[in-house]
Amino acid sequence: MKAERFAWWCVLVLVLGLPLAAVLTRSNPEAIELHGRMADTGGWMPGDLTAQVGQPLQLRLTSDDVVHSFAVGQSALPAIDVLPGQWTTTTLLFDQPGKYTFYCTRWCGPNHWRMRGTLEVTGTAAEMITPTTPLYVALNLDLDAPHPSDVVPSEKPSAARGAALGLKADRPVTPDRAQSPALRWQQLRSSSLTENLSDAQVWDLVALSWRSNTTSARLAEGQQLYAQNCAACHGETGRGDGVIAPALQKTLTLPGLALTGHETIAPSDFTDARHRLGASDAIFEGKIIRGGMGTGMPYWGPIFTSEQVQALVDYLWSFQFDQ
Amino acid sequence: MDLIRTRLSLPLLFIGLSALAIVMAPNPIALAAPAARHFRIEASSFQYTPAAIHVNPGDQVTIDLVATDVVHGLYIDGYDLNLTADPGQTASLSFSADRSGSFRFRCSVTCGALHPFMIGKLNVGANDLLWRAIGLGLLAISASVWIRPHSGRAPTPGCAPRTSVDDVA
Ligand SMILES: [Cu+2]
Ligand SMILES: [Cu+2]
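First to last, the protein sequences are chains A and B.
Start counting at 1 in the first sequence, then tack on 70, and there's your number in the numbering used here.
Start counting at 1 in the second sequence, then tack on 1279, and there's your number in the numbering used here.
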């Protein structure tokens, strides 16, 4: 008799307990479920989200294949790992309306960077921030024109050596961020100030003027952003030999992909003086924001804040100039 | 009878001693001075290159893990060490190989369909057991070839090896 009672209790507990447990573990019924998938098999599901200024957006994240990570472009929110077979909950709050991009920060294949979605935030902010116009737009620069340098240093210029020369060689008071190091070198070379200096020493002065335009903190930030977002293609040493580079070239030589002619398909080699010293902050910045438009270089405009782009640009010069 | 026994036990003694030597002899490689060893392991879906690394006990081992397509990991059984590398961000790990034997390492990051099969091996010390087993096997073969003719019925002095089967029976 007793055993039978006990069995009935067991059945009862099971029948009532299971749905109850399911409800309780889903602590947040109104949270939106967001699935991560490699870009080749669909990317984020759903690919666009909406939210309202000042209203928390709750998300439950999981991955359908490999490890991904969720981050919102131009926001201070730290990236959240999105793991297969696991649910992670997060709450977002926006104080500026606009069209945000959410994206994956863990490399999940050659098309990893295409794993992006949009997040439309509506409403009005107490204080509207107007975005600044990037320099390449203001100056109407042609980002796709090749920019070789006629002059190259015989060894890697060093800002420290330049500083040791004891000359004032800062860039013009309002930093002319559209000027290339090659032009700057020619300017300095023809100045009477550098009469007694060798060509290499003038290059050291150029390195110094680029270094004096940034800070150690900004370089450190740029280095970190570079390692996470760029090194897989451009290489940890900046030589354009990143681990993804071979796969990238393969996808780009697929038939049907229209290349207009002058693009380099291999990721740029930032240590190549001939091809970089003719560029400028404005060109690097423009390339990062706008991307290569079909060359395989992603566009980072919706991802990074203008400070982050500047940090990256400053760091890219360290492949040309020693500190 | 006595004669047979002495004739038999001398080679037996020799074989026994050899067997003992094979089993107990210190491994000359294991005595090598510990050194710093550096390995670069490339992880791609779904394999490690190289898939096996050999070190000597006591070596200071450094492993650079380079993920070439997606995020991969490397977990070494027995040493309980874990490493995760994102493409573009080489990850490094250093440890002292103070436990000898053969240890599996496996990917610790879900990296796709064949992820569970992404494995490799860390060998600390030469594969002693294998070599000793081969030594014992060879010894057994030569012993059987040698003893057989000696254990014959007739203690013929200076006997030539005879191979007929009924001899043994
Ligand atoms: Cu991803
Ligand atoms: Cu893996």
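Built from N, CA and C at the ideal position, the CB exists for glycine as well.
Reference residue i; option with closest CA among the options
i: residue 391(A); options: 119(A), 218(A) and 227(A); result: 227(A)
i: residue 1348(B); options: 1326(B), 1337(B) and 1426(B); result: 1326(B)
i: residue 1395(B); options: 172(A), 301(A), 179(A) and 136(A); result: 136(A)
i: residue 178(A); options: 261(A), 253(A), 108(A) and 309(A); result: 108(A)
i: residue 212(A); options: 198(A), 295(A) and 248(A); result: 248(A)
i: residue 1365(B); options: 145(A), 175(A), 128(A) and 159(A); result: 175(A)
i: residue 1379(B); options: 1403(B), 1369(B), 1344(B) and 1346(B); result: 1403(B)
i: residue 337(A); options: 347(A), 358(A), 367(A) and 359(A); result: 367(A)
i: residue 1346(B); options: 378(A), 343(A), 364(A) and 306(A); result: 306(A)
i: residue 103(A); options: 123(A), 75(A) and 140(A); result: 140(A)
i: residue 168(A); options: 195(A), 74(A), 389(A) and 380(A); result: 195(A)
i: residue 200(A); options: 183(A), 166(A) and 193(A); result: 166(A)
i: residue 191(A); options: 183(A), 74(A) and 119(A); result: 119(A)
Beta-carbon proximity list for residue i, same chain, < 7 Å, skipping 5 on both sides
i: residue 1374(B); result: 1340, 1358 and 1360
i: residue 1383(B); result: 1356, 1398 and 1400
i: residue 273(A); result: 223, 227 and 255
i: residue 349(A); result: 217 and 250
i: residue 442(A); result: Nothing in the structure corresponds to residue 442(A), since chain A is present only between 71 and 393.
i: residue 278(A); result: 229, 232, 233 and 239
Near ligand 2: residue i beta-carbon under 7 Å from a heavy atom
i: residue 1388(B); result: yes
i: residue 1397(B); result: yes
i: residue 35(A); result: As displayed, chain A neither begins before 71 nor continues past 393, which places residue 35(A) out of reach and without an answer.
i: residue 1392(B); result: no
i: residue 1384(B); result: no
i: residue 1325(B); result: yes
i: residue 138(A); result: no
i: residue 1351(B); result: yes
i: residue 1312(B); result: no
i: residue 1331(B); result: no
i: residue 1364(B); result: no
Residue i Cβ short of 7 Å to ligand 1 heavy atom set
i: residue 182(A); result: yes
i: residue 176(A); result: yes
i: residue 106(A); result: yes
Outcome for residue i when other beta-carbon atoms lying within 10 angstroms are tallied against a minimum of 16
i: residue 1331(B); result: exposed
i: residue 383(A); result: buried
i: residue 1293(B); result: exposed
i: residue 220(A); result: exposed
i: residue 1335(B); result: buried
i: residue 351(A); result: buried
i: residue 1424(B); result: exposed
i: residue 357(A); result: buried
i: residue 246(A); result: exposed
i: residue 364(A); result: exposed
Residues near residue i by beta carbon distance below 6 Å, same chain, minus five either side
i: residue 1338(B); result: 1313, 1314, 1316 and 1376
i: residue 117(A); result: 187
i: residue 145(A); result: none
i: residue 1448(B); result: Because the pLDDT of residue 1448(B) is 40, which lies under 50, any placement of that residue in the model is unreliable, and the number read from its coordinates should be weighed accordingly. Once the five neighbours on either side are set aside, residue 1448(B) has no close Cβ partner at all.
i: residue 127(A); result: 121 and 162
i: residue 1362(B); result: 1344, 1353, 1370 and 1372
i: residue 329(A); result: Reliability of the predicted coordinates at residue 329(A) is poor, the pLDDT of 49 falling under 50, and the value obtained from them is presented with this limitation in mind. Closer than 6 Å at Cβ, skipping near neighbours: no residue.
i: residue 184(A); result: 109
i: residue 160(A); result: 129 and 150
Proximal residues to residue i (C-beta, below 8 Å), its chain only, five neighbours per side dropped
i: residue 1415(B); result: 1298, 1301 and 1302
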